[in-house]
Amino acid sequence: MKKNKNAIVIGGGLAGVEAARQLSKAGIKVTLYEMKPTKFSAAHKNADLAELVCSNSLKAERIGSAAGLLKAEMEYFGSLTLECAKLSKVPAGGALAVNRDEFARLVTEKIEADENITVIREEVTKIPDADAVIIAAGPLVSFSLAEEIGKLCGKEFLSFFDAAAPIITFDSIDMTKAFTQSRYDRGGEDDYINCPMNKAEYDAFHDALINAESADLHEIDKQKGVYEGCMPIEVLASRGRDAIRFGPMKPVGLRDPNTGHRPWAVLQLRKENKEGTMYNMVGFQTNLKFAEQKRVFSMISGLENAEFVRYGVMHRNTFIDSPRLLNNDFSFRTKPNLFFAGQITGVEGYMESAASGIMAGYNAAAMLNNTPKLKLENITMMGALANYISDPDIKDFQPMGAAMGLLPPLSEKIRDKKERYEQIAKRSLDYLTKVIL
Ligand SMILES: Cc1cc2nc3c(=O)[nH]c(=O)nc-3n(C[C@H](O)[C@H](O)[C@H](O)COP(=O)(O)OP(=O)(O)OC[C@H]3O[C@@H](n4cnc5c(N)ncnc54)[C@H](O)[C@@H]3O)c2cc1C
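For the sequence shown, numbering that gives the first Met the number 0 begins at 0 and goes up steadily by one.
So, in structure tokens, the structure goes:
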């Protein structure tokens with residue numbers, strides 16, 4: 000019966016090849032469309048599948064790190080990209096780095112040798128009809144397909160640009176200096192945390208901010224007009240001493256309980272998830288280098304020891320408003336046989352994209368074969384990412400990579416961070432061992 004079912008995967012990047020592999024493993028015939036080499040995005044150069052467009056690092060291998068845990072979890076599903084990464088590995092300390100050409104060649108060979116997968120080198124311009132369709136066309140999806148996705152989702156649910164502010168963990172905020180209050184006491188009790196600054200602190204912070212070093216922009220991100228409407232905090236700050244104090248750092252409607260006065264300037268932090276374990280730095284989208292973000296933002300009162308779940312970024316990135324559109328199995332809410340996978344869903348990073356491809360492919364196959372879907376609990380990095388991108392409580396959705404802050408705390412408190420993370424990883428892998436094997 001399952002021989003008659005067919006699936007289409009659009010995009011042979013990191014997510015697409017994993018999705019195709021999962022479908023094939025479940026006995027489904029797959030057609031994988033990849034527009035290269037007839038058409039290349041501005042960042043893709045190699046005709047092979049699974050091209051790494053920038054860094055050749057797949058990040059840390061250590062299981063007690065967010066990136067290491069994600070990879071360890073992917074192993075449970077026979078990840079194709081991990082298999083090829085190990086075969087094309089180059090020395091990189093604690094990171095898994097690869098020879099990118101060899102990596103892409105190996106993935107391509109394995110996909111082409113798979114008898115359930117047919118690769119068609121052609122741009123898809125309309126969302127096709129099949130028993131299951133997975134859109135994995137990446138953050139640089141071709142223009143015509145992006146138009147179709149916009150029509151399907153509604154234009155307001157499709158972003159072309161990632162202008163994200165940093166996110167920090169609640170536990171790392173010094174609440175003896177910061178305080179919870181909504182402006183003019185409107186809104187939820189602890190929806191906002193305020194980090195107050197006096198004039199001297201603000202002036203020192205402002206000087207550091209306007210002199211901090213920015214990250215290089217990719218060629219494709221340098222296009223004129225790209226940053227209109229989402230100005231980096233450092234650019235706004237360079238317009239004058241008070242520009243951000245009258246903008247995102249305005250102190251109006253707030254009173255510092257430690258002084259009884261309105262502060263000179265305030266950074267507001269907004270709850271990022273309903274558990275309140277992560278907070279977003281409101282209005283602080285930035286293009287500063289990550290080390291500079293840590294140095295300069297740690298000057299803000301209450302953030303001296305801030306732990307960054309995600310740093311701010313600015314680059315071209317097409318992604319859908321998944322919390323309003325997708326289920327946590329990566330299916331489209333109003334079209335159950337359509338799935339999305341990869342960076343276009345708002346997961347961020349090579350391995351995160353590949354992991355979402357595994358989940359989408361697995362679930363599309365489960366739908367076709369009438370077998371149980373994969374609903375991973377939040378205690379796994381894969382489950383936490385799937386739940387994050389599909390959580391309707393997340394309002395201003397910005398892409399997210401693997402981060403320990405996404406996982407719920409352990410029931411017992413462990414002070415030592417290394418040990419705590421190892422236990423969090425163990426909790427996930429113990430769970431996967433039970434549910435997968
Ligand atoms: C410039 C840039 C640099 C990045 N650098 C890093 C980094 O260093 N580290 C990191 O972890 N992450 C990085 N990312 C983020 C992300 O991890 C990668 O974009 C990753 O490749 C996403 O995987 P994907 O499978 O979703 O998309 P992709 O790997 O981009 O795969 C999508 C595939 O779909 C094809 N395609 C597009 N449209 C069509 C169509 N209409 N028909 C058929 N095929 C189509 C494309 O040719 C491509 O092969 C970067 C992103 C960008 C844009």
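Note that the Cβ used here is the ideal one computed from N, Cα and C, for glycine as well.
Host alpha helix (DSSP H) of residue i (start-end)
i           : result
residue 204 : 198 to 210
residue 142 : 142 to 152
residue 424 : 416 to 435
residue 66  : 65 to 74
residue 316 : Taken as a continuous stretch (DSSP letters only), residue 316 belongs to no alpha helix (DSSP H), being part of the beta strand (DSSP E) at 312 to 319.
residue 22  : 13 to 24
residue 293 : 289 to 296
residue 162 : That residue, residue 162, is in no alpha helix (DSSP H); its beta strand (DSSP E) goes 157 to 163.
residue 386 : 380 to 388
residue 351 : 349 to 368
Residues bridged to residue i [DSSP beta-bridge criterion]
i           : result
residue 191 : 269
residue 96  : 56 and 89
residue 337 : 132
residue 126 : Partner(s): none; residue 126 has no beta bridge.
residue 329 : For residue 329, which the question treats as bridged, DSSP gives no partner whatsoever.
residue 396 : DSSP lists no partner for residue 396.
residue 179 : 192
residue 346 : 399
Neighbourhood of residue i by C-beta, 6 Å cutoff - its chain only, sequence neighbours within 5 removed
i           : result
residue 66  : 58, 59 and 401
residue 86  : 105
residue 197 : 263
residue 50  : 43 and 103
residue 76  : 357
residue 179 : 189 and 192
residue 226 : Bear in mind that a pLDDT of 46 at residue 226, under 50, signals an unreliable position, so the model cannot answer this.
residue 307 : 165 and 167
residue 10  : 135, 136 and 137
residue 83  : 102, 105 and 106
residue 316 : 138 and 161
residue 299 : 194 and 266
residue 96  : 55, 56 and 89
residue 98  : 87 and 89
Chain-order list of residues whose beta-carbon lies under 7 Å from that of residue i (same chain, five-residue window excluded)
i           : result
residue 211 : 233, 287, 291 and 295
residue 273 : 392
residue 413 : 419 and 422
residue 236 : 205, 208, 209, 242 and 243
residue 79  : 16, 17, 20, 106 and 109
residue 503 : As shown, the chain starts at 0 and ends at 436. That puts residue 503 outside it, with no answer to give.
residue 63  : 417, 420, 421 and 424
residue 38  : 122 and 141
residue 253 : 180, 182, 193, 261, 262 and 265
residue 382 : 375 and 376
Endpoints, beta strand (DSSP E) assigned at residue i
i           : result
residue 132 : 131 to 134
residue 280 : 277 to 280
residue 31  : 28 to 33
residue 232 : Residue 232 -> not in any beta strand (DSSP E); alpha helix (DSSP H) instead, spanning 232 to 236.
residue 46  : No beta strand (DSSP E) holds residue 46; DSSP gives it neither H nor E.
residue 302 : From DSSP, residue 302 is part of no beta strand (DSSP E); its letter is neither H nor E.
residue 6   : 5 to 9
residue 308 : 307 to 309
residue 168 : 166 to 168
residue 261 : Premise fails: residue 261 is in no beta strand (DSSP E) and is neither H nor E.
residue 116 : 116 to 120
Close-in-space but distant-in-sequence residues of the same chain around residue i (CB under 8 Å, 5 per side omitted)
i           : result
residue 461 : The structure shown has nothing for residue 461, since the chain only spans 0 to 436.
residue 223 : At residue 223, the pLDDT of 43 sits below 50, so the modelled position is not reliable and the matter cannot be decided from this model.
residue 93  : 59, 60 and 61
residue 154 : none
residue 147 : 124, 125 and 126
residue 152 : 319, 320 and 324
residue 113 : 19, 20 and 23
Test: residue i CB closer than 7 Å to a CB of chain D
i           : result
residue 107 : Annotation note: the requested chain D is absent from the structure, which comprises a single protein chain.
Would you say the segment 162 to 170 touches the segment 293 to 312, given that touching needs at least three Cβ pairs under 8 Å? yes
Pairs of beta-carbons, one from the segment 369 to 383 and one from the segment 322 to 330, closer than 8 Å: are there three or more? yes
Would you be able to state if there are at least three C-beta pairs under 8 Å between the segment 141 to 155 and the segment 121 to 131? Yes: at least three Cβ pairs fall under 8 Å.
Touching or not, the segment 26 to 38 and the segment 382 to 392, by the rule of three or more beta carbon pairs under 8 Å? no
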